[in-house]
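Colleague: Mind having a look at this structure? Questions to follow.
Residue numbers (the numbering used here), protein chains in the order written: chain A, 1 to 399; chain B, 400 to 580.
Written as structure tokens, this is what we have:
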């Protein structure tokens, strides 16, 4: 049936003084905590920095990955929410700046393999030196970020250009670009997670590590997209261009990747548990002693079991307040996951938690929010000249 | 068929209206619902968007069966692995504890899925009255290009003449009585 669809222009998003104030306050708090933290406990400050940095960088990268997937399959249902995902990817240039700070100043505090003294006395690290050394680390990071930023410019750039010209071939040209991004992203993100997180415990290795982080990041991306869409809907800016059916489908993605994350996490755990080899089990040994055991169990319950059961019913994905609460909760659990990956490498007995872990990621959230809202306020909230927009708005979730 | 060409029904199941256009069936279903009919059904050759809403189909209760069957499978799997590996015939595998949950999670998971899937299919067959060897042919065109709206005689508002008129007014191509639905 051809439902009668009214296409109204969305209202412009205004980056209000209040919002700007919140972003600036968060950023300022983070900066203060960072500066004070460096004086008090440099190692912990950089751990918190890494946690926030990895979370928001992953968010942007996975958002681009989702966009690439939509372009690659010429998906119609998601055309009207494309801009939301593009805004979540707007953080990448800032992220590159943070990466420079991390690589130049933070890395020596975090990574043992950067210390020639330790490497000289460690046979395994010596063996891994051709990969784990400062020069190659910097080269890799540079290649990754240049690649990601170039791809993001192309992927969002063509979409924005279409807003002016209405030329559909711009979007068709993105199909090969999307293929390129997906291949590049898969390889680079896997190595990126090895460089930044796995090498915190340089003796340990797990081949599924990149997929594990991808699962968690995809889950939190869906949660963030749902929150952002609900926020814009609440302000009434979409003017009926985004319906409950789109939010419902994003909710399904959220549920799906909740399960996917748990599946990958368990696959990683079970193989290591079964084989029981010391160089592999060290990772889980550190995370099953003392208070870390509680964090591990918390991850199982808060990141999988509880959201899974809460998201199962159909109404759960169609009730904005309920879905929004779960989404916010899932974003917190992604931070918990990164906390669980980073911190036991430095203190294997106690799960410490204080202002570093709260304020420094908050500061990055301020920066992320600034990039995102800036992007939204500069561009139309919905790509109005995409010829598939009407079909997208008419999208319906069947029973 | 009786000699005068009119069908003689030993029983009357309801009234069937046949429409030729998709938008007509949607419109008709909505109107019939507004008129206060509750026991009626739409038959289409392919899924029509928005028809569930127009007919007022409620959410299926089958997901509940799936959920309960899945939970049963999960509990059964836990019991099975515990009883076979730790109680009835304890085997030491690689020095691990007899009842090692990580090793049994795949089995518990598979049994959850197996129970949930088989129960859903089974209950779906029961709920739809499948398999049926001789389904009644209400109208030949309904499986290829036409759309049917059926009002059951069980409906409290059902009245042979009035219902027939109501359906004809909605632009049905033909309206006829159905003896077996």
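The beta carbon of each residue, even a glycine, is placed where N, CA and C say it ideally should be.
In this text, all values refer to a predicted model and were calculated from it rather than measured experimentally.
Measure how close the beta-carbons of residue 80 of chain A and residue 393 of chain A come, nearest whole angstrom, since I'm counting them as under 8 Å.
Modeller: Numbered from its first residue, the first chain carries residue 80 of chain A at position 80. Numbered from its first residue, the first chain carries residue 393 of chain A at position 393. Residue 80 of chain A to residue 393 of chain A, Cβ: 6 Å. Contact.
Colleague: Could you say which of A:291, A:225 and A:154 lies nearest to residue 353 of chain A if we only look at CA atoms?
Modeller: As a working mapping, residue 353 of chain A is identified with position 353 in the first chain. Of A:291, A:225 and A:154, the residue nearest in Cα terms is A:291.
Colleague: By a C-beta neighbour count over all protein chains shown, 10 Å radius and 16 as the cutoff for buried, is residue 405 of chain B buried or exposed?
Modeller: Position 6 of the second chain, counted from the first residue, corresponds to residue 405 of chain B. Here the model assigns residue 405 of chain B a pLDDT of 46, short of 50, so the residue's position is not dependable and the matter cannot be decided.
Colleague: Tell me the residue span of the beta strand (DSSP E) that contains residue 188 of chain A.
Modeller: Position 188 of the first chain holds residue 188 of chain A. Taken as a continuous stretch (DSSP letters only), residue 188 of chain A belongs to no beta strand (DSSP E), being part of the alpha helix (DSSP H) at 174-196.
Colleague: Among A:62, A:17 and A:252, which residue has its Cα nearest to the Cα of residue 152 of chain A?
Modeller: Here residue 152 of chain A corresponds to residue number 152 of the first chain, with the count starting at 1. Comparing Cα positions, the closest option is A:62.
Colleague: Would you kindly work out how many angstroms separate the C-alpha atoms of residue 11 of chain A and residue 205 of chain A, rounded to a whole number?
Modeller: Walking along the first chain from the start, residue 11 of chain A turns up at place 11. Walking along the first chain from the start, residue 205 of chain A turns up at place 205. Going by the C-alpha atoms only, they are around 50 Å apart.
Colleague: Please confirm whether residue 244 of chain A has its beta-carbon closer than 8 Å to some beta-carbon of chain B.
Modeller: As a first step, residue 244 of chain A is located in the first chain; it is residue number 244 there, counting from the start. No, no contact with chain B.
Colleague: Determine the closest residue to residue 285 of chain A out of A:269, A:129, A:192 and A:174, with distance taken between C-alpha atoms.
Modeller: In the first chain, residue 285 of chain A corresponds to position 285, counting from 1. Nearest of A:269, A:129, A:192 and A:174 to residue 285 of chain A, Cα basis: A:269.
Colleague: Using a Cβ-Cβ cut-off of 7 Å (strictly less than) and excluding sequence neighbours within five positions of residue 469 of chain B, which residues of its own chain qualify?
Modeller: On the second chain, position 70 is the one that residue 469 of chain B refers to. 511, 514 and 515.
Colleague: Taking 8 Å as the threshold (C-beta atoms), are residue 109 of chain A and residue 46 of chain A in contact?
Modeller: Locating residue 46 of chain A in the first chain gives position 46, counting from the first residue. Locating residue 109 of chain A in the first chain gives position 109, counting from the first residue. Their beta carbons are under 8 Å apart, which means residue 46 of chain A touches residue 109 of chain A by this criterion.
Colleague: I'd like to know whether the C-beta atoms of residue 85 of chain A and residue 97 of chain A end up nearer to each other than 8 Å.
Modeller: Here residue 85 of chain A corresponds to residue number 85 of the first chain, with the count starting at 1. Here residue 97 of chain A corresponds to residue number 97 of the first chain, with the count starting at 1. Not in contact: residue 85 of chain A and residue 97 of chain A (Cβ atoms no closer than 8 Å).
Colleague: Check whether the Cβ atoms of residue 507 of chain B and residue 477 of chain B sit closer than 8 Å, and answer yes or no.
Modeller: Here residue 507 of chain B is taken as the residue at index 108 of the second chain, counted from 1. Here residue 477 of chain B is taken as the residue at index 78 of the second chain, counted from 1. In contact: residue 507 of chain B and residue 477 of chain B (Cβ atoms closer than 8 Å).
Colleague: Output the residue ranges of the alpha helix (DSSP H) runs that lie fully inside the region 474-546 of chain B and measure 4 residues or longer, sorted by chain position.
Modeller: Entirely contained in the region 474-546 of chain B, the alpha helix (DSSP H) runs reaching 4 residues are, in chain order, 500-527.
Colleague: Would you mind telling me which residues of chain B sit closer than 7 Å to residue 322 of chain A, beta carbon to beta carbon, in chain order?
Modeller: Taking the first chain and counting its residues from 1, one reaches residue 322 of chain A at position 322. What residue 322 of chain A touches in chain B: nothing, since even the nearest Cβ is about 17 Å away.
Colleague: For residue 379 of chain A and chain B, any beta-carbon pair shorter than 8 Å?
Modeller: Within the first chain, numbered from 1, the residue matching residue 379 of chain A stands at position 379. Answer no: the Cβ-Cβ gap between residue 379 of chain A and chain B never drops below 8 Å.
Colleague: Out of curiosity, what's the CA-to-CA distance linking residue 588 of chain B and residue 535 of chain B?
Modeller: For chain B, the structure presents residues 400 to 580; residue 588 of chain B sits outside this window and is missing.
Colleague: Do you know whose CA, among A:389, A:28 and A:382, lies nearest residue 360 of chain A's CA?
Modeller: As a first step, residue 360 of chain A must be located in the first chain, where it is residue number 360. That would be A:28, whose Cα lies nearest to the Cα of residue 360 of chain A.
Colleague: Do you know how far the Cα of residue 130 of chain A is from the Cα of residue 114 of chain A?
Modeller: Indexing the first chain from 1 puts residue 114 of chain A at position 114. Indexing the first chain from 1 puts residue 130 of chain A at position 130. Those two C-alpha atoms are separated by around 12 Å.
Colleague: Determine the direct distance from the alpha carbon of residue 158 of chain A to that of residue 168 of chain A, and round the result to whole angstroms.
Modeller: Position 168 of the first chain, counting from 1, holds the residue named residue 168 of chain A. Position 158 of the first chain, counting from 1, holds the residue named residue 158 of chain A. In a straight line, the C-alpha of residue 168 of chain A is about 10 Å away from that of residue 158 of chain A.
Colleague: Using the rule of at least 16 other Cβ atoms within 10 Å of the residue's Cβ for burial, across every protein chain shown, is residue 198 of chain A buried or exposed?
Modeller: One-based indexing of the first chain puts residue 198 of chain A at position 198. Result: buried.
Colleague: Identify whether residue 397 of chain A lies in helix, strand or coil by the three-state DSSP scheme.
Modeller: To locate residue 397 of chain A, count along the first chain from 1; it is residue 397. It is coil, neither helix nor strand.
Colleague: Under 8 Å, Cβ to Cβ, is there at least one residue of chain A near residue 587 of chain B?
Modeller: Chain B is shown only over 400 to 580; residue 587 of chain B falls outside these bounds and no answer can be derived.
Colleague: Can you find a C-beta in chain A that's less than 8 Å from the C-beta of residue 458 of chain B?
Modeller: Numbered from its first residue, the second chain carries residue 458 of chain B at position 59. Closer than 8 Å: yes.
Colleague: Is it true that the CB of residue 223 of chain A sits closer than 8 Å to the CB of residue 95 of chain A?
Modeller: As a first step, residue 95 of chain A must be located in the first chain, where it is residue number 95. As a first step, residue 223 of chain A must be located in the first chain, where it is residue number 223. No.
Colleague: Residues of chain A with CB under 8 Å from residue 530 of chain B, in chain order?
Modeller: Here residue 530 of chain B is taken as the residue at index 131 of the second chain, counted from 1. Result: empty, since nearest Cβ-Cβ is about 23 Å, beyond 8 Å.
Colleague: Which residues in chain A have a C-beta closer than 9 Å to the C-beta of residue 493 of chain B? List them in chain order.
Modeller: Working through the second chain from its first residue, we reach residue 493 of chain B at position 94. In chain order: 274 and 276.
Colleague: For the candidate residues A:255, A:43 and A:384, whose alpha-carbon lies nearest to that of residue 112 of chain A?
Modeller: Position 112 of the first chain, counting from 1, holds the residue named residue 112 of chain A. The residue with the shortest Cα to Cα distance from residue 112 of chain A is A:43.
Colleague: Going by the CB atoms, is the gap between residue 215 of chain A and residue 260 of chain A shorter than 8 Å?
Modeller: Sequence index remark: in the first chain, residue 260 of chain A carries index 260 (1-based). Sequence index remark: in the first chain, residue 215 of chain A carries index 215 (1-based). Yes.
Colleague: Just to confirm, are residue 545 of chain B and residue 418 of chain B a CB contact at a threshold of 8 Å?
Modeller: Sequence index remark: in the second chain, residue 545 of chain B carries index 146 (1-based). Sequence index remark: in the second chain, residue 418 of chain B carries index 19 (1-based). Yes, Cβ-Cβ distance for residue 545 of chain B and residue 418 of chain B is below 8 Å.
Colleague: For the region 503-517 of chain B, list every residue whose C-beta sits within 7 Å of some C-beta in chain E, in sequence order.
Modeller: Note that chain E does not occur in the displayed structure, where the protein chains are A and B.
Colleague: Name the two residues that bound the continuous alpha helix (DSSP H) containing residue 249 of chain A.
Modeller: As a first step, residue 249 of chain A is located in the first chain; it is residue number 249 there, counting from the start. Unbroken alpha helix (DSSP H) run through residue 249 of chain A: 244-275.
Colleague: Would residue 501 of chain B count as contacting chain A if we go by Cβ distances under 8 Å?
Modeller: Locating residue 501 of chain B in the second chain gives position 102, counting from the first residue. Yes - at least one Cβ of chain A is within 8 Å of the one on residue 501 of chain B.
Colleague: Using a threshold of 8 Å, state whether the C-beta atoms of residue 82 of chain A and residue 70 of chain A are closer than that.
Modeller: Translated into the one-based positions of the first chain, residue 82 of chain A becomes position 82. Translated into the one-based positions of the first chain, residue 70 of chain A becomes position 70. Cβ atoms of residue 82 of chain A and residue 70 of chain A: closer than 8 Å.
Colleague: Hey, how far is the Cα of residue 141 of chain A from the Cα of residue 271 of chain A?
Modeller: Position 141 of the first chain, counting from 1, holds the residue named residue 141 of chain A. Position 271 of the first chain, counting from 1, holds the residue named residue 271 of chain A. Those two C-alpha atoms are separated by around 30 Å.
Colleague: Alpha helix (DSSP H) containing residue 417 of chain B: first to last residue?
Modeller: Numbered from its first residue, the second chain carries residue 417 of chain B at position 18. Counting along the chain, residue 417 of chain B falls outside any alpha helix (DSSP H), though it belongs to the beta strand (DSSP E) covering 413-418.
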